[in-house]
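Notes to accompany the following structure.
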Amino acid sequence: MSVNVFSRRALQATTRRLAAANPSTFSKTPLSRLPAPVAVAMGQHIQYRPAATTQISSSAAEEILASQRRHRPISPHLAIYRPQITWYLSGLHRITGATLSGAIYVFGAAYLVAPMFGWHLESASLAASFASLPILVKIGLKALVAFPFTFHSFNGLRHLVWDTGATITNKQVIITGWTVVGLSALTALGFTFL
Numbered sequence: 095m096s097v098n099v100f101s102r103r104a105l106q107a108t109t110r111r112l113a114a115a116n117p118s119t120f121s122k123t124p125l126s127r128l129p130a131p132v133a134v135a136m137g138q139h140i141q142y143r144p145a146a147t148t149q150i151s152s153s154a155a156e157e158i159l160a161s162q163r164r165h166r167p168i169s170p171h172l173a174i175y176r177p178q179i180t181w182y183l184s185g186l187h188r189i190t191g192a193t194l195s196g197a198i199y200v201f202g203a204a205y206l207v208a209p210m211f212g213w214h215l216e217s218a219s220l221a222a223s224f225a226s227l228p229i230l231v232k233i234g235l236k237a238l239v240a241f242p243f244t245f246h247s248f249n250g251l252r253h254l255v256w257d258t259g260a261t262i263t264n265k266q267v268i269i270t271g272w273t274v275v276g277l278s279a280l281t282a283l284g285f286t287f288l
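The numbering used here puts the first residue of the sequence shown at 95, with every later residue one more than the last.
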């Protein structure tokens, strides 16, 4: 036991003995305002103050409430913040995910009902109709599908890495964000002109 701990315990024991031997002198010190440990343990140190209320009319209550609302701090609007890459990539990730999954569901439903309506959605028909399109339309359609697919894939991998607890600092998030944008653009261009 160190000297400091021993001296504290000795002081506590002496104070307790003095308070027990002569409670009147102990009650005149500034320490007397503190609750005794037994009172704290028993819950007897709690002060009860009755609430003072007055009856007011509903119009006066509405005026008080309106005054309080005028002086409340308001939360800052998004327009005052500097835009960050994480905002844009988060929104774009959701948009591309919804777009890709929606397109798959629509095509899947159309593929299932195609025989009933006489549509030809088999692979050979789709490839032949795509080959008959002008080159600029082909490039535009391929880019329209390639970029959302590559972006959502790379950003999804980024989120999976985040789930491991890696690359979570602000600097790393910005670096990985721009890396995802660059890889998505390069891969989408590769798929477009493949």
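Glycine is no exception: its CB is placed at the ideal position from the N, C-alpha and C atoms.
May I ask which residues mark the beginning and end of the alpha helix (DSSP H) holding P242? It spans I229 to D257 - the alpha helix (DSSP H) in which P242 sits, taken as one unbroken run.
Please state whether DSSP places Y199 in a helix, a strand or coil. helix
Who are the Cβ neighbours of F245 in its own chain at under 6 Å, not counting the five residues just before and after it? T190 and S278
In terms of residues, what are the limits of the alpha helix (DSSP H) holding R166? First-last for R166: undefined, no H or E at that position.
What distance in whole Å lies between the Cβ atoms of Y205 and L215, which are believed to be in contact at a cut-off of 8 Å? 5 Å
Neighbourhood of L265 by C-beta distance below 6 Å, restricted to the same chain and skipping five residues each side: First, the amino acid is wrong: residue 265 is Lys here, not Leu. Within the same chain, K265 has no close Cβ partners at all.
T108 to V99, Cα distance in whole Å? 14 Å
Three-state secondary structure assigned by DSSP to S37: Outside the modelled stretch of the chain, which goes from 95 to 288, sits residue 37, for which no answer is possible.
S219 (DSSP reduced to helix, strand or coil): Note: S219 maps to helix in three-state DSSP.
Where does the unbroken alpha helix (DSSP H) through I268 begin, and where does it stop? N264 to T286
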